[in-house]
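Following: one structure in structure tokens, then a few remarks.
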Amino acid sequence: MTVISYLIPISLILGGLGLAGFVYTIRSSQYDDPEGDARRILSDDWDDHPKV
Amino acid sequence: MSVQADPHRPQMAVCPGCIAAPSGAIETGPTEARLALSLPTIHCQACISKVERGLAKVPGIRSARVNLTLKRALIEADPDIAAADLIPVVEGLGYEAHELNLGQLSSTATNKVGRDLAMRLAVAGFASMNVMLLSISVWSGASDATRDMFHWISAAISLPAVAYAGKPFFVNAWSALRVRRLNMDVPIVLALVLALVTSLWETSLGGEHAYFDAALTLTFFLLAGRYLDQRTRAVARSAAEELTALEVPRAIRVIDGEEAEIAVSDLAIGDLVLVRPGGRMPVDGRIADGRSELDRSLLTGETLPVFAEPGQMVSAGEVNLTGPLWVRATAVGEETSLHRMADLVAIAESGRSRYTSLADKAAKLYAPGVHILSGVAFVGWYLWTLDMRTALNIAAAVLIITCPCALGLAVPAVTTAASGRLFKRGLLIKSATALERLAEVDTVVFDKTGTLTEGTPVVTNIGAHSRRDLEVALALAEASSHPLAQALSRAARAAGIKPAELQNVEELPGFGTEAQLHGAFVRLGRAAWVGAAPVHETAAYLDCGDGRLRTFTFEDGLRQGAHDVVKALQAAGKEVVLLSGDSELPVSALAQHLGIATWAASDLPQDKLERVQQMTAQGHKVLMVGDGLNDTAALAAAHVSISPATALDAARVASDVVLLGRDLAPIAEACVTAQKATRRIRENFRLATLYNVIAVPLAVAGLATPLIAALAMSLSSITVSLNALRLR
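Structure (structure tokens):
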């Protein structure tokens, strides 16, 4: 049963990571324009260098 | 007026929902201008890049970002750049662009609430997944020390998670309890708190049953319902706001012959205001100079233009048709007759707020019932066993199992599905209970001008004139921008007429156009000016130069779908009524044409309001469809109301549903969808009750386990959501 002592913290940390990721996406306004963001990936404007 | 005055939002008094929103939240700083453009025609990635790149090239623009979901561009620029300068840029790229008044868009505030709910939903979701993982291990056989450890970990996750995620419920329940009332949130909070407390107690005693997972899943499902509800309303609100923001209130003030364009809110009494042909009067006032005709249909429903000359009084909201008018303001802003009418609306609206939604009705039955049930279970078990722990456990189980997960989802899931469906058909549902009220409607009242009709005239007797006369009339009509002249030239062109050759064509604003034909004067215009005997209908008169006088009569063109909607509503067993401020002849003609038996003409705003109230007093549920200022009070007084997007701002604010397209046919469809939606809501209530009927006896008998609670809760929530999806 000692395996539990690894697995439980791991599951909690992974869950926490997922939550932290979600919080980050909300904080950085990534759900404001879902339609536009889905299409922006097709734009070749920033293919050669990242947007500053 | 009871609300604080803000010149940008004069309509606030009629919309209680808007009061909560901060008004004028966006201030234009001195260092930077924030502008917004509405881009209704953009649809793909290429459009985004093209517009953004095009705007970025304009000197002075710091950043431009297109939002495809909202079909908007947000621009940050130097303060000297105005949105009007950017419209030609975007139009040059091949897209339609309109200026948006940022002060009217409070979407940032709405977004904040949505984000907050999403965050809480996410916390509840992640926490419940983790706790469920531990609970499943317990249910599948973990025992003794392992079980206790799992319970303690669950407790460590649940307590902070519920405290954070459940905050909206705690706040609502507290505000209801403070005024000694019960709402749906009171049993929710009680169930959450009791579940956590008994589970903690059980855990500390090494007990078998803990309800941590139930408390979290409950929070999650209930938050999902709240979130759906909030989103549906946010979408409708942002679209409604956009309609308002598209009307940027500007006026031209003249000082010592200098013209300057300023915001209407900056006008003062005594200012001289220039109103160009096609413009709307921004103020009440007296005409100082200029001759023209006024279209008062939005205020009175009258289709016949009124002659305007110096000395005459004008009211805000009237449209100037032919010549420029200089108006000396006698009342501005809140004092104009346009806004005084808003008071009438506020009075009429107070009647409607008494409507209790289905959810409230259910809560009223449900909340005391649940409390009594779990109280009885507690007392019964305590007297039977004299064991506080068992009694409390059972009371908690009863509360959790009866907890209104499904009830909380029942209404928002259905309204989300129905609103989405109607939005695709071009109907914007602004009010949360509009669908329920729409389903009860048995009488439909239509306004005439601008609602059943387009508000643009159509020639009725083009065939009664000789080709020769029509050629002269067409040549004269084409020299004017008056709506009657334009209607005449459209009809003549459509009949294949070529304009006659005329000399010295001249338009006399307010009278008509005149010209010379082979040395004789020909005139097209008002009866008195042409020298004709006026007829009762809307008409233009032609002096053919050889002493003959011809009369062109007009009627208001029917709006697309008007026939269908009246037919469909009558077929559905609803009574259709026509109330108009226009004169008797055109109203009766239209009523006969559409097959409407009950109609009234020359109605003042007060008359319309009284008729609607009278019908309501007779027990009818009235749907009012109208667009003008003269309809606003009636719109607010009716059980539910619809206005077209072309309606005056005040009318749109007073109505529950806005019709976005030109076609009227979706109105009949909306009634059907609303009835279906209400049926689904009732079904959902029944489904939720069914689960309770099965599970509650188990709980009261002390046979419920956390597993049964979890199953009942999830199954009922999922069935309710699936049932709602059938609407799509």
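If you read the protein sequences in the order shown, they are chains A and B.
Position one of the first sequence corresponds to residue 11 (this note's numbering), numbered consecutively onward.
Position one of the second sequence corresponds to residue 1164 (this note's numbering), numbered consecutively onward.
Positions of the beta carbon are idealized from the N, C-alpha and C atoms, including for glycine.
Endpoints, the beta strand (DSSP E) within which residue i is located
i: B/GLU1670; result: 1666-1671
i: B/LEU1233; result: That residue, B/LEU1233, is in no beta strand (DSSP E); it is neither H nor E in DSSP.
i: B/MET1778; result: That residue, B/MET1778, is in no beta strand (DSSP E); its alpha helix (DSSP H) goes 1768-1780.
i: B/THR1579; result: B/THR1579 -> not in any beta strand (DSSP E); alpha helix (DSSP H) instead, spanning 1568-1587.
i: B/GLU1747; result: No beta strand (DSSP E) contains B/GLU1747, which is instead part of the alpha helix (DSSP H) from 1747-1757.
i: B/SER1652; result: Here B/SER1652 belongs to no beta strand (DSSP E); instead the alpha helix (DSSP H) covers 1646-1657.
i: B/ILE1418; result: 1413-1418
Host alpha helix (DSSP H) of residue i (start-end)
i: B/MET1876; result: 1869-1888
i: B/PHE1541; result: 1521-1548
i: B/PHE1333; result: 1330-1341
i: B/PRO1860; result: 1829-1863
i: B/TRP1364; result: 1348-1367
i: B/GLY1720; result: Looking at the DSSP string, B/GLY1720 is not in any alpha helix (DSSP H); the run it does join, the beta strand (DSSP E), is 1712-1721.
i: B/GLN1733; result: 1725-1734
i: B/VAL1693; result: 1690-1693
i: B/ARG1552; result: 1551-1565
i: A/ILE36; result: 12-37
With 16 other Cβ atoms within 10 Å as the buried cut-off, status of residue i
i: B/ASN1264; result: buried
i: B/GLU1190; result: Because B/GLU1190 sits at a pLDDT of 41, beneath the cut-off of 50, its placement in the model cannot be relied upon, and the following sentence gives the value as read from the coordinates. By the neighbour-count rule (16 or more Cβ atoms within 10 Å), B/GLU1190 is not buried but exposed.
i: B/LYS1275; result: exposed
i: B/THR1578; result: buried
i: B/SER1880; result: buried
i: B/VAL1477; result: buried
i: B/CYS1207; result: exposed
i: B/SER1537; result: buried
i: B/ARG1235; result: buried
i: A/TYR16; result: exposed
i: B/VAL1803; result: buried
i: B/GLN1666; result: exposed
i: B/TYR1529; result: buried
i: B/GLU1223; result: Note on identity: in this sequence residue 1223 of chain B is Gly, with Glu being the wrong assignment. Counting Cβ neighbours within 10 Å, B/GLY1223 comes out exposed, since fewer than 16 surround it.
i: B/THR1614; result: buried
i: B/SER1629; result: exposed
i: B/LYS1611; result: buried
Nearest candidate by alpha-carbon position, reference residue i, set the options
i: B/ARG1454; options: B/SER1478, B/VAL1469, B/GLU1405, B/ASP1447; result: B/VAL1469
i: B/VAL1533; options: B/ALA1862, B/LEU1391, B/VAL1360, B/ARG1197; result: B/ALA1862
i: A/TRP56; options: B/LYS1527, B/ARG1216, B/ALA1648, B/GLU1422; result: B/ARG1216
i: B/ALA1246; options: B/ASP1279, B/GLY1288, B/LEU1280, B/ARG1197; result: B/ARG1197
i: B/THR1623; options: B/LEU1647, B/GLU1254, B/LEU1639, B/LYS1611; result: B/LEU1647
i: B/ILE1871; options: B/THR1606, B/GLN1781, B/ASP1376; result: B/ASP1376
i: B/ARG1400; options: B/PHE1848, B/GLU1603, B/ARG1815, B/ASP1605; result: B/ARG1815
i: B/ASN1293; options: A/ILE14, A/THR12, A/LEU24, A/TYR34; result: A/LEU24
i: B/ASP1243; options: B/VAL1221, B/SER1877, B/LEU1585, B/ALA1702; result: B/VAL1221
i: B/VAL1698; options: B/PHE1717, B/ASN1556, B/LEU1391; result: B/PHE1717
i: B/ASP1348; options: B/GLU1365, B/LEU1381, B/HIS1372, B/ASP1429; result: B/LEU1381
i: B/LYS1737; options: B/PRO1807, B/VAL1604, B/LEU1866; result: B/VAL1604
i: B/THR1779; options: B/ALA1796, B/ALA1801, B/GLY1791; result: B/ALA1801
i: B/ALA1402; options: B/VAL1821, B/ALA1683, B/ILE1844, B/LEU1256; result: B/VAL1821
8 angstroms Cβ cutoff, residue i in contact with chain B
i: A/VAL13; result: no
i: A/PRO44; result: yes
i: A/ASP55; result: yes
i: A/SER21; result: yes
i: A/ARG50; result: yes
i: A/PRO60; result: no
i: A/LEU29; result: yes
Residue i at chain A interface by Cβ criterion, 8 angstroms
i: B/ILE1189; result: Model confidence at B/ILE1189 stands at a pLDDT of 42, short of 50, so the residue's coordinates are unreliable and nothing is read from them.
i: B/GLN1208; result: yes
i: B/ILE1592; result: no
i: B/ILE1211; result: yes
i: B/HIS1171; result: At B/HIS1171 the pLDDT is 41, less than 50, meaning the model places this residue with poor confidence; the figure from the coordinates comes in the next sentence. Not closer than 8 angstroms to any Cβ of chain A, the Cβ of B/HIS1171 fails to qualify, so no.
Output, in sequence order along the chain, the residues in the stretch 1216-1242 of chain B whose CB is closer than 8 angstroms to any CB in chain A. ARG1216, VAL1229, ASN1230, LEU1231, THR1232, LEU1233
Can you list, in chain order, the residues of the stretch 1803-1834 of chain B whose Cβ is nearer than 7 angstroms to any Cβ on chain A? none
Closer than 7 angstroms between beta carbons: that is the criterion. Which residues of the stretch 1277-1298 of chain B meet it against chain A? ARG1278, ALA1281, MET1282, ALA1285, VAL1286, PHE1289, MET1292, ASN1293, LEU1296
Taking a cut of 9 angstroms between CB atoms, which residues from the stretch 1617-1640 of chain B lie near chain A? none
Where the stretch 1309-1335 of chain B meets chain A: residues whose CB sits under 9 angstroms from a CB there: THR1309, MET1312, PHE1313, ILE1316, ILE1320
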